[in-house]
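See structure below.
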Amino acid sequence: MTHATGTAQDRDAMNRMGKTQELMASWNLNGFAIFGYSLVLGNAWVVAIITSIFGLTNGGTAGIIWSFIVVLFGMFCSTLSMAEMASMAPTAGCQYHWVSEFAPPRAQKILSYLVGWMCVLGWQTAMAASAYTPALAPQGLIAINNPTYTLAPYQAYLFTVAILLVSILINIFLIRKFKPIETAMVIFFFLSWISISSPSSGRRAKKAPARQVFTSFSDGSGWGSLGLATLIGGLTAAHLSEELVDSSYALPRAMVLTALANYLTATVAVITLCFTLGGSAEDLLETRYGQPYIQVLYNAVRSRGDASVLAAVVTVLLLFTSINQVATTSRQLYAFARDDGFPFSGVLKKVVNPMYNIPVNSLFATFMFTFLFGLIVLGSNVAFNILTTLSSSGLLTSYIVCIGCILHKRVTRPNELPPSRFSLGRFVVAVNIVALSLLAVIFVFLFFPPIPRPAPAEMNWTVLIYGVTLVGCLVFYMLVGRHRYQAPVALVKKEY
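Using the working numbering, the first residue of the sequence shown is number 6, and each one after it goes up by one.
Shown next as structure tokens:
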């Protein structure tokens with residue numbers, strides 16, 4: 006099934022990559038819509054206020070703020086690097102396709118395959134976390150208004166399934182309304198940010214002095230090094246191209262604008278958070294509301310009603326993130342299956358809905374993965390959190406490999422790079438190097454435990470999960486993938 010939609014540049018891009026246009030660009034997902042989509046998917050300021058609190062014992066408020074800014078700079082360089090690649094090859098496969106095109110010839114197939122698996126598993130586990138995080142908020146809302154309420158894991162799981170189901174149904178039946186939906190999401194995004202980050206939201210809060218907020222570092226976990234503690238604390242806190250009209254032009258610009266908007270709103274939110282914590286790190290982390298950010302919101306407004314409204318606003322934004330996360334996760338799975346990189350690829354790559362032309366089978370597979378993966382919460386919340394770290398480690402791996410590959414090709418075979426409608430000019434090599442350097446640092450510290458000399462229960466088991474996953478992918482490649490997987494570069498037409 007093909008659809009000659011979009012602009013001439015869209016059709017040329019798909020022809021160059023040897024791909025058939027199956028997903029629908031005819032509903033005109035323009036630059037603003039993709040900006041809104043990725044802005045809400047990133048939801049950086051909401052994620053920042055939820056996760057930054059966990060850095061208080063490793064770095065303090067000053068550590069959170071300054072390391073946050075450094076990390077944002079590194080991630081922005083990464084965004085610029087991948088925006089250029091998105092302009093060269095606007096495909097739903099993203100990183101694994103770019104690796105296939107830009108890696109050294111001998112390593113193209115295996116590197117692309119491993120990155121494809123890391124992306125699929127990374128996005129699938131991120132989907133589980135994306136549905137689970139807003140599921141915890143209703144429990145916190147109940148706890149605010151009912152002092153006798155006890156948080157129950159089975160309720161969190163049921164909320165997770167409900168949020169997942171709503172997200173899936175919207176992605177299937179309201180796909181033609183995505184432009185107005187994304188517009189509404191963007192408006193709500195900025196209004197919510199203003200309401201929570203403005204001084205008036207914390208008018209009853211006891212605010213910390215500015216000198217203390219920006220200069221007070223903490224090594225509460227006992228690392229013996231403020232720099233190390235600060236870095237670890239800061240690091241607790243980066244696909245619809247085939248359906249975007251004029252994607253090679255609009256997509257990279259939307260990526261950059263999204264990054265700037267997300268980073269600006271997140272920085273303001275983090276600074277506001279650090280001024281209005283209203284309690285010690287221990288009090289916040291052990292709150293009876295279950296989520297430290299809800300305790301911070303209550304401390305800021307000193308009113309159950311106001312705190313409930315603000316927490317509800319955050320919940321709605323997290324629901325929006327889940328809706329957009331479903332779209333990205335399913336497209337990543339669909340793209341990898343299209344190249345026969347995943348088990349049951351023949352089923353997963355089918356676009357079976359003649360009315361909407363969306364990968365329904367991949368959407369259903371995404372639903373089933375999160376539905377089953379979420380059952381882990383019923384046994385151990387710690388185990389669930391450990392397994393979802395694969396989203397960070399897997400996606401960071403894909404960023405590092407694809408940026409490393411294009412940098413290598415740019416230095417060794419620059420004439421073989423495809424044309425880009427988003428050029429970084431003379432700064433491109435420097436941007437790639439900075440991105441790689443900071444991503445490598447983030448990647449290494451992703452595996453550090455939260456405290457020195459941890460007990461087994463306090464250990465960061467991300468390194469084990471990552472290692473087992475990587476070995477499993479290699480074994481599967483040797484047994485199956487090298488025979489069935491068709492690396493995207495094999496279909497690329499050299500005449501373009």
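The C-beta atom is built at its ideal place from N, Cα and C for all residues, glycine as well.
*asked:* Cutting at 8 Å between CB atoms, please list the residues of its own chain near R309, excluding the five before and the five after it.
replied: For the purposes of this step, residue 309 is taken as the residue at position 304 of the sequence shown. Excluding sequence neighbours, R309 sits near I149, N150 and Y303.
With DSSP collapsed to three states, give me the class of A420.
Taking the first residue of the sequence shown as position 1, residue 420 is located at position 415. Note on residue identity: the sequence assigns Asn, not Ala, to residue 420. Reduced to three states, the DSSP call for N420 is helix.
Return helix, strand or coil for N151, following the three-state DSSP convention. Working through the sequence shown from its first residue, we reach residue 151 at position 146. Note: N151 maps to coil in three-state DSSP.
Apart from the five residues just before and just after R489, which ones in its own chain have a Cβ nearer than 6 Å to its Cβ?
Along the sequence shown, one-based indexing puts residue 489 at 484. Excluding residues within five positions, the ones whose Cβ falls inside 6 Å are D345.
When we look at the beta-carbon of F178 and count the other beta-carbons within 10 Å, is it buried (16 or more) or exposed? To locate residue 178, count along the sequence shown from 1; it is residue 173. That one is exposed.
Starting from the C-beta of V406, find all residues in its chain whose C-beta is less than 7 Å away, skip the five residues before and the five after it, and write them out in chain order. Taking the sequence shown and counting its residues from 1, one reaches residue 406 at position 401. The residues are V104, L116 and V120.
Could you round the C-beta distance between Q337 and V125 to whole angstroms and report it? I think they count as a contact, below 8 Å. Counted from its first residue, the sequence shown places residue 337 at position 332. Counted from its first residue, the sequence shown places residue 125 at position 120. The pair is a contact, with the Cβ atoms about 6 Å apart (cut-off 8 Å).
Quick one: Cα of T320 to Cα of P139, how far?
-> In the sequence shown, counting from the first residue as 1, residue 320 sits at position 315. In the sequence shown, counting from the first residue as 1, residue 139 sits at position 134. Their backbone Cα atoms lie some 5 Å apart in a straight line.
Note to self: Which same chain residues end up closer than 8 Å to H413 when comparing Cβ atoms and leaving out the 5 residues on each side of it in sequence?
What the structure shows: Here residue 413 refers to the residue found at position 408 of the sequence shown. The residues are F107, A108 and P109.
Less than 8 Å between C-beta atoms, sequence neighbours within five positions excluded: which residues of the same chain meet that for I447? On the sequence shown, position 442 is the one that residue 447 refers to. Only V76, G79, L240 and L401 meet the Cβ criterion.
Just tell me which of L441, I168, L353 and S197 has its CA closest to the CA of M87. Looking up residue 87 in the sequence shown gives position 82. It is L441 whose Cα lies nearest to the Cα of M87.
Next item on the list: Kindly give me the distance between the Cβ atoms of L322 and N48, rounded to whole angstroms, as I take these residues to be in contact under 8 Å.
Entry: For the purposes of this step, residue 322 is identified with residue 317 of the sequence shown, where counting begins at 1. For the purposes of this step, residue 48 is identified with residue 43 of the sequence shown, where counting begins at 1. Rounded, the Cβ-Cβ distance is 6 Å, consistent with contact.
Find out if the Cβ-Cβ distance for the pair Y137, G379 is shorter than 8 Å.
Stepping through the sequence shown from its first residue, residue 137 is reached at position 132. Stepping through the sequence shown from its first residue, residue 379 is reached at position 374. Closer than 8 Å, so yes.
If you drop the 5 nearest sequence neighbours on each side, which residues of the same chain put their C-beta closer than 7 Å to that of L85? Walking along the sequence shown from the start, residue 85 turns up at place 80. If we look at L85 and ignore the five residues flanking it on each side, its Cβ neighbours are V261, L429 and V436.
Ordered list of alpha helix (DSSP H) runs contained in the region 379-429, each at least 4 residues: 381-384, 386-393 and 395-417
Find the nearest neighbour of S200 within the set V314, T188, V331 and A142, judged by alpha-carbon distance. Here residue 200 is taken as the residue at index 195 of the sequence shown, counted from 1. When each option's Cα is compared against that of S200, the closest is V314.
Original post:
In terms of alpha-carbon separation, which member of S72, L383, T188 and R258 lies closest to F164?
Top reply: Locating residue 164 in the sequence shown gives position 159, counting from the first residue. Here the closest residue by C-alpha is L383.
Q: Assign P109 to one of three DSSP states: helix, strand, or coil.
A: Counting from 1 along the sequence shown, the entry for residue 109 is found at position 104. DSSP places P109 in coil when its eight states are reduced to three.
Q. Below 8 Å between beta carbons: does that hold for F73 and V275?
A. Reading the sequence shown from its first residue, position 68 is the one you call residue 73. Reading the sequence shown from its first residue, position 270 is the one you call residue 275. Yes; because the gap between Cβ atoms is below 8 Å, this pair is in contact.
**Asked** For P424, which of F37, G472, S83 and M93 has the nearest alpha-carbon?
**Response** Translated into the one-based positions of the sequence shown, residue 424 becomes position 419. The residue with the shortest Cα to Cα distance from P424 is M93.
* Asked: Assuming F374 contacts Q129 under a Cβ cut-off of 8 Å, what Cβ separation, rounded to an integer in Å, is found between them?
  -> Along the sequence shown, read from residue 1 onward, the residue named residue 374 stands at position 369. Along the sequence shown, read from residue 1 onward, the residue named residue 129 stands at position 124. Confirmed, about 5 Å.
Exercise for the section: Label V2 either buried or exposed according to how many other C-beta atoms from any shown protein chain fall within 10 Å of its C-beta, with 16 as the threshold for buried. Expected result: An answer regarding residue 2 cannot be provided, because it is not within the stretch 6 to 501 covered by the chain.
Checklist entry - So is N329 buried or exposed if we call it buried at 16+ other beta carbons inside 10 Å? => result Looking up residue 329 in the sequence shown gives position 324. Buried, by the Cβ-count rule.
Helix, strand or coil for E291 per DSSP? Mapped onto the sequence shown, residue 291 falls at position 286. E291 falls in the coil class under three-state DSSP.
Note to self: Let me check understanding here. Comparing Cα to Cα, which of N420, A133 and V476 lies closest to Y162?
What the structure shows: Taking the first residue of the sequence shown as 1, we reach residue 162 at position 157. When only C-alpha atoms are compared, the closest one is A133.
According to DSSP, simplified to helix, strand and coil, what is Y490? Along the sequence shown, read from residue 1 onward, the residue named residue 490 stands at position 485. Coil at Y490, not helix or strand.
Practice item. Pull up the CB-CB distance for L324 and I168, whole angstroms please, since I reckon it's below 8 Å. Key: For this step, residue 324 is matched to residue 319 along the sequence shown. For this step, residue 168 is matched to residue 163 along the sequence shown. That belief holds up - the Cβ atoms of L324 and I168 are roughly 6 Å apart, short of 8 Å.
* To do: Helix, strand or coil for G510, going by three-state DSSP, please let me know.
  => In the structure displayed, the chain extends from 6 to 501; residue 510 sits before or after that span and is not available.
*Report all residues from its chain with a CB closer than 8 Å to the CB of L289; omit the five preceding and five following residues, and keep chain order.*
Residue 289 sits at position 284 when you count from the first residue of the sequence shown. I58, L61, L282, P297, Q300 and V301, listed in sequence order.
| task | Just the C-alpha distance for V52 and N267, rounded to the nearest angstrom, thanks. | result | Translated into positions along the sequence shown, residue 52 becomes position 47. Translated into positions along the sequence shown, residue 267 becomes position 262. In a straight line, the C-alpha of V52 is about 10 Å away from that of N267.
inquiry  = With the cut-off set at 8 Å, would you say Q100 and S403 are in Cβ contact?
reply    = Along the sequence shown, read from residue 1 onward, the residue named residue 100 stands at position 95. Along the sequence shown, read from residue 1 onward, the residue named residue 403 stands at position 398. Yes; because the gap between Cβ atoms is below 8 Å, this pair is in contact.
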